[in-house]
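In the working numbering, the protein residues as written are 354 to 1034.
Next up, the structure:
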C-alpha cells in the first residue's frame, strides 16, 4: 500500500434555506470544579509589554510510544500518588491521559474509583516533575469521597425505568437500554453518594443517535442528573475549492484512508443510521466533482477537514491524534435522510455528517469538521459533561477550535473568521449560525454570564466562552479581519485589548488539557485559564491582565486593575492539609506592586474542604504578624467553608506575605485548604 495526494473541486452553489436543529436544554449541573496550582497573583504594577510564551511551558510533541511510556510510569506509581494526595484506602486512581512540558513537567489525568466503583465527577489532574508526582493538583470535586454506604436500597430495575422515562420525555425514538444500570459513586454534585448510571440508546427527536446517561440515587431512587454523550453541532455544506487529500492505494484501487494521519478513514453510510457503511474507494484517485449529488464530494470534504484538524493539533499544540496516541478517528457521511446535523460519538470514536434539507447540502465544512473532531479532544482530556455550564464550555471549545482550524487552513475559498457555519446560510438570509464577537446576534446565544446560564441549551450558553475567546484574541470594538467586520461589546462597558489568536489558542488548549475537569464551570474556567496564562507568560504579563479583563467583560470575575488601583486579586490554589486536632497550618500569598496600606474593605475569599467545619478556627495573618479572626468554630456539623470575608486592614502595609491560618480544634474529621484569595477592591 502507499499514500497518495489527490485533488477535487467543490464549486460554490446557490444558498438554500434550511431549519436549524438544536438539542433541548437540560438541567444545569451545580458544578463544584476546583482549580488548584501554585500561588498566583495579579500584581498592581503596570504589565510589561506582550511577551513570548515561556519555552519550558510549551508542550512536547510526544510520539505515541513516548506517551505510552509516560502512562505506564504513572500507572506504576499510582498507589503512591493516591497516598500523596491523601486519598482514602478505598480510593484508587486510573490513568487516563498524560502531557509533558518542555521543562520536564508532566501532567497526568486520572479517573478515580471507590471500593471498586467508578467515581463520576471524581477526576483529577496531578502535575509534577515526573509522571505520577503530585506537586500540584486540580480536582473535579471539593468533597471528600466518603459515601455513607455503597449498598443499594433501590433495585436496578427502578433506575432503568427512570432512564427510559427520561428518554421518552425528550421524545426519543426507539429508546431502549443500551447499557444496563451500573453502580457508581456520584460525586459531581454535592456530597458523594452511591448511584446507578443507566445509558439509553435509540434516536433523539431529530434523528441524532442517542446515548442518554441517567444517574439515579441508589438509596432514594431520586434522579440526580442526566446528559447526552453524543455531542453535535449544525451545518450545511462547504466549498473549499481544489484541495490535496492523502489516500491509500491497494493494487489498482484507491480508498479514503489517510496513512499519514493515524489511518483515518472516511465512509459512505448511504442514508443509513448505523454501522460504518462502505469505505470510499475507486479506480482513480480523484474524489467527487464538486456537486452534492456526487457522493464522493461530501467524502472529500470530510476527509479534508479531518486532515486539517489532525495537522492543527499536531503542529500547533504538539498532540498527535485526538487521544494523543497517534490513532485516527473516522468519518461517516450521508447519514440518514434529510438529516440537518453533524455529531461526534465517543462510542464509535467518529464524526458523522448528514446531508441537510432535501439531502442537497452535506454538513461537511471546515469549521463543522473541526468542531466535531474537537468534541473528541474534549472527551479525551477534560471530559466536560455535556450539560449545564460545563456543557457550554464543551460546546464553546469546539467552536473555538473550529475557528482556529479554519484560520490554520488558510484556504482562500473559505478564509478564517470568527463566524461559525458562515458558509451554510442556515437562516436563509446570509447570516452565520453563531457569532463569536457578539453571540447574541444569532437571537439565542448569550454574550455574558448570568446565574441561570447553565439551564439553557449548551449551544447558546457557549456564547460566554466564545465571546471571551474573541475578546482575548482581538479585543473589543470595531475591526475588520479577512474582510469580515466585527464589533464586540463588553458587559461592563470597558474596553479589552486583545493579545492575538495565536496566544489565545495556546492558553485555551493548555487550560483544557491541564486545568479543566469534567465539572468545570465558568468561574473555574477563568481560574484555569489564568493558571495556564501564568505558566505560559507570567502572572505580571500583559497576557495575564488581558485574560482577567476578557473574563470580566463577559461578567465572569473582576478586572485586573491598574498600578496601585482596584480590582486586583492575588490567590493561592495550592492544597494544604489540615491535621486532625493538630497544629495550625498556613497558606501564603505574597502581595507585590501595591502602594501604601491595604484597604478597609479587603476581600478574603476562603475555600476549605472539611467534613465538620465547626472544628475550625480561621485567621488572616498580615505581613507584620497581626491576626484577624475570620471564623471561630462556627458552622456546626456543616461540611466545608466557602465564604468571602471583608477585613478592615487599613492599618497594614499592603505589600508583603499574607497568610491564611487554619487550625482543627477537635478530633475525628479532616480536610484541607483548597485555596484562598485576597482582592483589593
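Note that the Cβ used here is the ideal one computed from N, Cα and C, for glycine as well. No experiment lies behind these values; they were computed from the predicted model shown.
Euclidean distance between Cα positions of residue i and residue j
i	j	result
residue 928	residue 489	8 Å
residue 1035	residue 554	Shown here, the chain extends from 354 to 1034; a query on residue 1035 therefore has no answer.
residue 744	residue 978	45 Å
residue 937	residue 1027	15 Å
residue 447	residue 893	36 Å
residue 697	residue 481	33 Å
residue 393	residue 601	Because the pLDDT of residue 393 is 26, which lies under 50, any placement of that residue in the model is unreliable, and the question is left without a value.
residue 611	residue 710	30 Å
residue 486	residue 437	9 Å
residue 1018	residue 966	10 Å
residue 477	residue 863	15 Å
residue 443	residue 483	25 Å
residue 404	residue 819	24 Å
residue 426	residue 432	12 Å
residue 613	residue 661	12 Å
residue 1004	residue 911	25 Å
residue 415	residue 453	8 Å
residue 735	residue 846	32 Å
residue 680	residue 674	6 Å
residue 441	residue 1007	40 Å
residue 714	residue 515	38 Å
residue 500	residue 960	21 Å
Beta-carbon proximity check, residue i vs residue j, cutoff 7 Å
i	j	result
residue 749	residue 815	yes
residue 633	residue 604	no
residue 983	residue 973	yes
residue 962	residue 985	no
residue 455	residue 413	yes
residue 630	residue 622	yes
residue 751	residue 728	yes
residue 725	residue 682	no
residue 1025	residue 942	no
residue 1044	residue 596	Look at the range of the chain in this structure, 354 to 1034, and you will see that residue 1044 is not part of it.
residue 843	residue 906	yes
residue 1023	residue 933	yes
residue 730	residue 737	no
residue 883	residue 410	no
residue 474	residue 502	no
residue 607	residue 638	yes
residue 860	residue 885	yes
residue 648	residue 617	no
residue 552	residue 532	yes
residue 1001	residue 953	yes
residue 609	residue 619	yes
residue 678	residue 417	yes
residue 568	residue 550	yes
residue 767	residue 809	no
CB-CB length for residue i against residue j, believed under 8 Å
i	j	result
residue 575	residue 565	About 17 Å separates the two Cβ atoms, so there is no contact after all.
residue 563	residue 525	6 Å
residue 733	residue 450	6 Å
residue 430	residue 472	Residue 430 to residue 472, Cβ: 20 Å. No contact.
residue 517	residue 548	Going by Cβ atoms, the distance from residue 517 to residue 548 rounds to 17 Å, so no, they are not a contact pair.
residue 742	residue 874	4 Å
residue 924	residue 1029	7 Å
residue 944	residue 1009	6 Å
residue 811	residue 740	7 Å
Could you say if the region 1014-1026 and the region 941-952 meet the contact criterion of at least three C-beta pairs nearer than 8 Å? Under the three-pair Cβ rule at 8 Å, the region 1014-1026 does not count as touching the region 941-952.
Notebook entry, point to check: Within the chosen definition, does the region 815-835 reach the region 767-775 through at least 3 CB pairs nearer than 8 Å?
Noted result: yes
The region 856-872 in contact with the region 781-795 per 3-pair CB rule at 8 Å = no
| Any chance the region 656-669 sits against the region 687-695, with 3 or more Cβ pairs inside 8 Å? | no
**Report entry** beta strand (DSSP E) segments (min. 3 residues) lying fully within the region 951-1032
**Finding:** 955-963, 969-974, 980-985, 994-1000, 1009-1017
- If you pair each beta-carbon of the region 453-462 with each one of the region 830-840, do three or more pairs fall below 8 Å? no
Margin query: Any contact between the region 461-478 and the region 531-550? By contact I mean 3 or more CB pairs, one from each, below 8 Å.
Written below: yes
Give the list of continuous alpha helix (DSSP H) stretches no shorter than 4 residues that lie fully inside the region 661-736.
719-733
As an exercise, report each continuous beta strand (DSSP E) stretch of at least 3 residues that is fully enclosed by the region 880-945, in chain order.
921-926, 929-931, 938-944
**Asked** Just checking, does the region 505-514 make contact with the region 894-902 on the three C-beta pairs under 8 Å criterion?
**Response** no
Practice problem: Output the residue ranges of the beta strand (DSSP E) runs that lie fully inside the region 430-468 and measure 3 residues or longer, sorted by chain position. | Solution: Inside the region 430-468, DSSP marks whole beta strand (DSSP E) runs of 3 or more residues at positions 444-453, 459-467, from first to last along the chain.
**OP:** Taking only runs that begin and end inside the region 730-811, name each unbroken alpha helix (DSSP H) of 4 or more residues, in chain order.
**Re:** 741-762
Practice item. Ignoring anything shorter than 3 residues or poking outside the region 509-583, list the beta strand (DSSP E) runs there in chain order. Key: 526-539, 546-556, 565-570, 576-581
**Message:** I'd like the ranges of any beta strand (DSSP E) spanning at least 3 consecutive residues and lying wholly in the region 601-632.
**Reply:** 606-608, 617-621
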